[in-house]
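Worksheet: the structure to be examined is printed underneath.
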Amino acid sequence: MLVSVILAAGKGTRMRSDLPKVLHPLLGVPILEHVLDTVEALGPQLKVVVVGYKHTDVEESFPGRDIRWSLQADQLGTAHAANCGVEAAAAEISANPDAQVLVVNGDLPLLRVETLKALSAIHREADAAVTILTCEKADPTGYGRIIRDAQGRVRDIVEENDATEAEKRLREINVGAYVFRGGAFLGFYARIGRDNAQGELYLTDVVVKAAQAGTRVSSFKVADEAEVAQVNSRIELARVTDILRTRLLDEYMRSGVTIYDPRTTYIEKGVRIGRDTHILPFTMIEHGVEIGSGCEIGPFTHLRPGTRLDDGASIGNFVEIKNSKVGHDSKVRHLSYVGDGLIGQKVNIGAGTIFANYDGKVKSTTVVEDEAFVGSGTVLVAPVTVGKGAITGAGSVVLKNRNVPAGGVAVGVPAQLLKEGKGSSNSRS
Amino acid sequence: MLVSVILAAGKGTRMRSDLPKVLHPLLGVPILEHVLDTVEALGPQLKVVVVGYKHTDVEESFPGRDIRWSLQADQLGTAHAANCGVEAAAAEISANPDAQVLVVNGDLPLLRVETLKALSAIHREADAAVTILTCEKADPTGYGRIIRDAQGRVRDIVEENDATEAEKRLREINVGAYVFRGGAFLGFYARIGRDNAQGELYLTDVVVKAAQAGTRVSSFKVADEAEVAQVNSRIELARVTDILRTRLLDEYMRSGVTIYDPRTTYIEKGVRIGRDTHILPFTMIEHGVEIGSGCEIGPFTHLRPGTRLDDGASIGNFVEIKNSKVGHDSKVRHLSYVGDGLIGQKVNIGAGTIFANYDGKVKSTTVVEDEAFVGSGTVLVAPVTVGKGAITGAGSVVLKNRNVPAGGVAVGVPAQLLKEGKGSSNSRS
Amino acid sequence: MLVSVILAAGKGTRMRSDLPKVLHPLLGVPILEHVLDTVEALGPQLKVVVVGYKHTDVEESFPGRDIRWSLQADQLGTAHAANCGVEAAAAEISANPDAQVLVVNGDLPLLRVETLKALSAIHREADAAVTILTCEKADPTGYGRIIRDAQGRVRDIVEENDATEAEKRLREINVGAYVFRGGAFLGFYARIGRDNAQGELYLTDVVVKAAQAGTRVSSFKVADEAEVAQVNSRIELARVTDILRTRLLDEYMRSGVTIYDPRTTYIEKGVRIGRDTHILPFTMIEHGVEIGSGCEIGPFTHLRPGTRLDDGASIGNFVEIKNSKVGHDSKVRHLSYVGDGLIGQKVNIGAGTIFANYDGKVKSTTVVEDEAFVGSGTVLVAPVTVGKGAITGAGSVVLKNRNVPAGGVAVGVPAQLLKEGKGSSNSRS
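Protein chains in written order, with the working numbering: chain A, 47 to 475; chain B, 47 to 475; chain C, 47 to 475.
What follows is the structure, given as structure tokens:
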């Protein structure tokens with residue numbers, strides 16, 4: 047049995063923000079969501095998140111997600127936070143004292159699933175009371191240092207503020223991810239105190255008590271230093287964003303997507319892109335967008351949530367698309383805003399077209415059916431439909447509900463039907 | 047007493063430009079302005095700038111600034127340039143021979159105020175005749191090398207062209223910033239000659255004469271190599287721009303601004319940004335722009351000089367704003383140009399709106415009052431006012447002086463009032 | 047006599063693409079074109095390209111170019127591919143057995159002309175049977191290692207898969223460019239076999255046979271590791287793009303172009319830019335564009351093939367130009383699409399102007415003559431002409447063939463002549 051406990055109670059003072067640290071966005075989703083997704087991939091039977099600062103805001107950011115929230119009312123240190131999490135799982139752990147309790151700091155969004163899997167596997171194989179994740183850092187400043195005995199066993203973990211000069215030179219650091227044997231945690235937690243520079247209950251002291259008691263403390267050393275980067279400030283958030291952005295772009299390229307210029311391509315988490323799609327420079331693609339194969343995206347393109355592009359779609363040059371579907375082989379190539387649109391196949395949306403989806407009160411949908419040709423500088427006022435193969439004239443303003451029938455031609459401000467077409471409009475009242 | 051002398055007379059041949067080197071723009075202001083601002087922060091009683099190549103262009107670039115310009119008619123070397131500066135301050139210095147004369151090359155825009163303060167303090171504490179700024183560089187090629195005696199005192203400075211192979215291996219270099227005791231400069235200047243590879247009067251030789259005379263030559267070594275980067279070519283200008291850009295972005299992040307992607311965020315010198323404002327990718331913000339708290343800027347946004355955004359304003363997606371004010375909680379979200387505009391609070395500027403501020407002869411102002419709703423694809427021909435809570439229809443063209451009254455609704459090309467509203471327009475003649 | 051043979055037969059499986067590797071675009075032209083251009087600069091009497099995978103697609107990508115295509119029907123290894131090339135030049139080589147045969151892999155787009163010139167010169171001076179290009183790499187993993195004897199002569203080349211651990215530690219690698227004495231190649235080719243890890247005919251084995259036979263094998267070591275980067279995957283393609291992009295930008299800056307932010311400036315191969323032109327951030331300039339002196343380009347600008355800007359043109363802020371000429375001192379500054387346009391001198395194109403060049407079937411030309419003023423939000427439906435000094439009103443839609451005469455003023459949707467002007471329109475029927 048695996049119980050996961052994520053520590054997400056802190057304010058994050060160095061962010062200098064009113065927003066709790068774990069809610070700051072990182073490639074389209076809160077920092078905490080990255081950690082949650084990673085932990086969830088391990089398949090824990092129970093997921094606990096310990097919250098404190100603005101806990102309601104944090105809880106409400108994850109609606110419908112299977113999380114047991116645990117409130118840490120006072121900020122008495124990481125051990126206290128972990129204990130809040132363990133108490134929330136008290137029933138499960140007492141029924142199953144050998145359960146693994148994975149405790150992870152909520153500000154470690156770059157940790158990989160494979161790393162936590164290895165941590166858990168080593169804990170199981172070693173039949174350890176505690177297993178900690180460590181890393182050799184080129185510059186360990188600010189991190190707790192791992193002190194090992196002559197046999198290489200973890201003997202102590204010393205925080206920066208409590209470390210001697212010799213200890214500060216050690217480069218192996220404590221990452222902030224641990225597996226405890228459920229039954230063992232509480233016993234060692236009861237023995238720790240607050241006699242340190244910060245006057246806090248350190249989670250690392252729980253580890254040290256376990257080591258001092260002679261129980262088995264094992265460890266796993268993660269190789270890639272980038273994986274353990276913490277977010278404590280906005281500068282660190284920007285750095286972490288850059289590492290994760292590059293990691294995701296590399297995955298797209300390996301899967302057969304061409305990215306002309308990774309430096310100027312900003313793709314958030316959770317985007318799907320098909321093979322042989324080309325992403326040109328100056329492109330931003332937000333969380334959850336889906337893009338087919340053989341598409342051309344960019345330059346100067348912003349695809350927002352809810353966008354789905356079928357194979358062969360071509361979008362670019364100062365084009366923003368939001369909550370819309372663009373069909374097979376359709377083109378939106380110049381200076382357009384498509385919001386709440388349903389665009390069929392082989393549609394040509396002319397330069398300077400605006401889908402006016404918002405009337406100041408509600409947002410409505412615009413439909414452009416297959417093979418329609420929307421002329422340059424057209425404004426389509428939603429809700430409205432441009433029928434199959436229909437044409438709008440340059441600079442026309444198609445008013446709401448003044449649908450253009452299939453095969454019809456509408457021109458002017460407001461647009462009038464020049465040619466009735468072969469279809470029928472729904473609502474030309 | 048402190049007299050500052052900035053050397054800005056050179057053409058900068060390697061720039062391959064008709065523009066004097068010190069006038070090339072660096073994050074929105076001339077290179078020289080960066081050095082001037084830094085020097086000015088020391089509070090000198092007198093600021094001299096030595097000019098030569100296209101000196102009128104240089105002087106006219108700093109109107110109304112308290113500078114004493116000194117013309118170096120012939121380019122006889124850095125010592126000659128410095129002497130031109132000292133002569134311009136001859137009256138002050140002869141009245142106050144212990145005055146500090148700070149001489150700084152005009153192509154060192156990354157020098158920090160703190161560094162020059164330290165240079166000046168060391169000069170004073172050491173009661174030195176000369177104090178020079180030095181730096182250890184990983185690659186010292188091209189710089190003058192500092193030669194010290196066994197006691198560590200500066201004994202010589204050797205230019206690259208005059209250096210032996212052994213001297214070329216020295217990594218401590220002469221930066222190009224000095225403090226002289228005013229009365230001492232002229233004496234040592236009189237003793238130097240032009241017997242070197244370039245046949246020039248080197249300012250470094252003044253330092254060497256002082257050292258040879260047994261007077262006190264002290265030095266301050268700046269730690270950050272990036273701070274001493276010179277601009278001699280456009281490639282170096284681009285490199286210096288990048289260093290300074292990153293330095294400024296780090297300052298914004300430390301103060302509580304979120305910058306999603308520093309690589310694609312280009313913010314010039316002298317911009318104010320409030321806390322918890324988010325800067326999205328692909329954003330350029332020019333010199334002097336002011337942005338409130340809790341704003342969202344970008345992606346794909348260009349804010350030009352004279353722009354002021356109140357708290358909560360939201361600007362982005364192919365939007366350019368110039369010399370305009372945008373009020374609290376107002377939005378300009380898509381494909382718009384706002385030039386010479388005064389936008390009130392809670393205004394919504396629809397996608398594809400153009401403020402047509404220029405009629406080919408003069409530029410005029412457009413006013414959009416609180417809570418107005420400007421429909422998609424509207425052209426507002428300045429001067430014109432859209433009143434409080436007024437609405438313009440999609441694709442409407444509001445002609446100049448055809449103001450839309452408060453609460454009114456205007457539609458069509460040209461726009462006609464559909465609804466009179468509750469206010470009155472000034473000029474519907 | 048020089049015969050060049052470029053090896054371009056492979057599929058490039060790791061690209062995960064249906065497009066042959068050498069056709070993937072790199073700064074605006076296929077990877078192979080970069081290698082072709084470099085080789086062509088050496089002035090070979092005969093240029094052979096060996097093709098295989100989708101060879102018709104490859105051949106058709108270089109219409110009108112003086113290339114002798116040689117088909118490698120089966121993929122039996124690099125030696126077999128080179129032999130296909132040599133056979134295609136059999137007549138020339140048998141007439142001239144001392145001819146140099148330069149064999150270059152088609153996936154080495156960063157090789158410099160100077161490097162291949164040096165390779166060829168060393169081959170000639172050494173009167174060698176074979177001369178190979180080598181490089182010391184910081185990380186040689188994946189490359190064939192150069193094995194030298196005690197005298198420093200090339201004795202062997204060992205592929206990664208066949209290398210011992212000791213050999214893997216050697217850092218001098220085989221780049222993939224060779225010069226053979228024409229008459230010698232065939233003799234040594236006949237002696238090689240396929241007893242290696244891949245079961246292929248290695249071109250390196252031809253070199254080794256020559257060395258073993260005691261003939262002269264010389265080499266040239268290229269200093270810049272970046273020059274020998276291969277393209278085997280899209281990640282490597284992105285890396286190579288970045289190196290080449292930076293190399294080209296440095297050349298522009300050295301020649302007197304200011305580039306504000308090289309990180310966000312994407313200029314393809316084969317672009318001309320005049321002195322003292324400024325390129326602002328967020329700019330993409332495609333293959334073949336020509337830009338005069340003293341222009342201002344950007345920010346947020348996309349110049350596509352066929353664009354020519356005269357001196358002093360100013361383009362920027364969400365502007366795309368395709369296959370158009372913009373005259374001296376003309377401005378297109380905001381949110382415009384100019385396609386198939388001929389714009390004269392001192393023209394002002396207002397914000398939000400669209401050149402509607404495509405009617406769904408054909409593309410047509412729009413002419414805007416000297417000193418015309420196109421009002422904000424104008425749509426010009428091609429083919430159409432706006433005459434010298436003519437004006438279009440804000441939001442006007444000028445229909446096709448409804449030319450605005452010189453000095454005329456046209457307003458409205460569709461545009462009507464307010465003022466006849468002094469010229470005559472061609473087709474106001």
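By construction, the Cβ of each residue, glycine as well, lies at the ideal position given by its N, Cα and C atoms.
- The Cβ atoms of Val277(A) and Ile203(A) lie no closer than 8 Å to each other.
- Between Val457(C) and Val425(C), the alpha-carbon positions lie close to 11 Å from each other.
- Taking C-beta atoms under 8 Å as the contact rule, Val450(A) and Leu464(A) fail to qualify, at a distance of about 10 Å.
- A Cβ-Cβ distance of about 5 Å is found for the pair Leu148(B) and Ser50(B), placing them in contact under the 8 Å criterion.
- At least one CB atom of chain B sits nearer than 8 Å to the CB of Val443(A).
- Chain A places no beta carbon closer than 8 Å to that of Met330(B), leaving this residue out of the contacts.
- When Leu92(B), Gly152(B), Asp83(B), Asp64(B) are compared, the shortest CA-CA separation from Ile52(B) is found for Gly152(B).
- Within the region 202-271 of chain B, the complete beta strand (DSSP E) runs of at least 3 residues fall at 218-227, 263-268.
- Counting along the chain, His348(A) sits inside the beta strand (DSSP E) bounded by residues 347-349.
- Counting every other CB atom within 10 Å of its CB across the protein chains shown gives Ser63(C) a total of 16 or more, marking it as buried.
- Under the three-state reduction of DSSP, Lys183(C) is assigned to coil, being neither helix nor strand.
- Per DSSP, the beta bridge partners of Met330(B) are Tyr312(B), His348(B).
- Per DSSP, Asn129(C) is not a residue of any beta strand (DSSP E); the alpha helix (DSSP H) it occupies stretches across 124-134.
- In this structure, Leu388(B) lies away from Val365(B), with their beta-carbon atoms at least 8 Å apart.
- Between Val430(C) and Lys409(C) a beta carbon distance of about 13 Å is seen, past the 8 Å cut, so the two are scored as non-contacting.
- Contact annotation, Asp356(B) with Val372(B): C-beta distance approximately 7 Å; criterion of less than 8 Å satisfied.
- Sequence-ordered contacts of the region 402-414 of chain A with chain B read Ala402, Gly406 [C-beta pairs closer than 7 Å].
- Listed in chain order, the non-local C-beta contacts of Glu273(A) below 7 Å within the same chain comprise Leu156, Leu157, Arg158, Thr161, local neighbours out to five positions each way being set aside.
- One finds nothing in chain A with a Cβ atom closer than 8 Å to the Cβ of Tyr306(C); even the nearest lies about 14 Å away.
- Taking Ile319(B) as reference, the option from Val335(B), Met330(B), Leu326(B) with the minimal CA-CA separation is Val335(B).
- Using a CB distance below 8 Å, the part of the region 277-304 of chain C facing chain A consists of Ser279, Arg280, Ile281, Leu283, Ala284, Thr287, Asp288, Arg291, ordered along the chain.
- With respect to Phe266(B), Ala164(B) sits close: the two C-beta atoms are nearer than 8 Å.
- Here Arg379(A) has Ser360, Ile361, Gly362, Asn363, Val365, Ile395, Ala397 as same chain residues with Cβ atoms under 8 Å from its own Cβ, once five neighbours each way along the sequence are excluded.
- Between the alpha carbons of Glu282(C) and Gly228(C) lies a distance of about 33 Å.
- Contact between Ala119(B) and Met47(B) fails: their C-beta atoms lie close to 28 Å from each other, not under 8 Å.
- Residue range 382-385 is occupied by the beta strand (DSSP E) that includes Tyr383(A), with no alpha helix (DSSP H) assigned at that position.
- Under a 10 Å Cβ-count criterion, Ala269(A) is classified as exposed, with fewer than 16 other Cβ atoms of the shown protein chains found around its own Cβ.
- From the listed residues Thr102(B), Leu73(B), Gln91(B), Val94(B), the smallest Cα separation to Pro66(B) is found for Thr102(B).
- Leu216(C) sits away from Ala125(C), with the two beta carbons spaced by 8 Å or more.
- Taking the Cα positions, Lys392(A) is about 18 Å away from Gly344(A).
- For Leu326(B), same chain residues with a beta-carbon under 6 Å away, outside a window of 5 residues either side, are Tyr306, Gly344, Pro345 in chain order.
- Look at Pro345(A): its C-beta is under 8 Å from a C-beta on chain C.
- Where Thr412(C) is concerned, there is no enclosing alpha helix (DSSP H), although the beta strand (DSSP E) around it starts and stops at 412-414.
- Taking 8 Å as the threshold, the shortest C-beta distance from Thr310(C) to chain B falls below it.
- Between Val132(A) and chain B, the shortest Cβ-Cβ separation is not below 8 Å.
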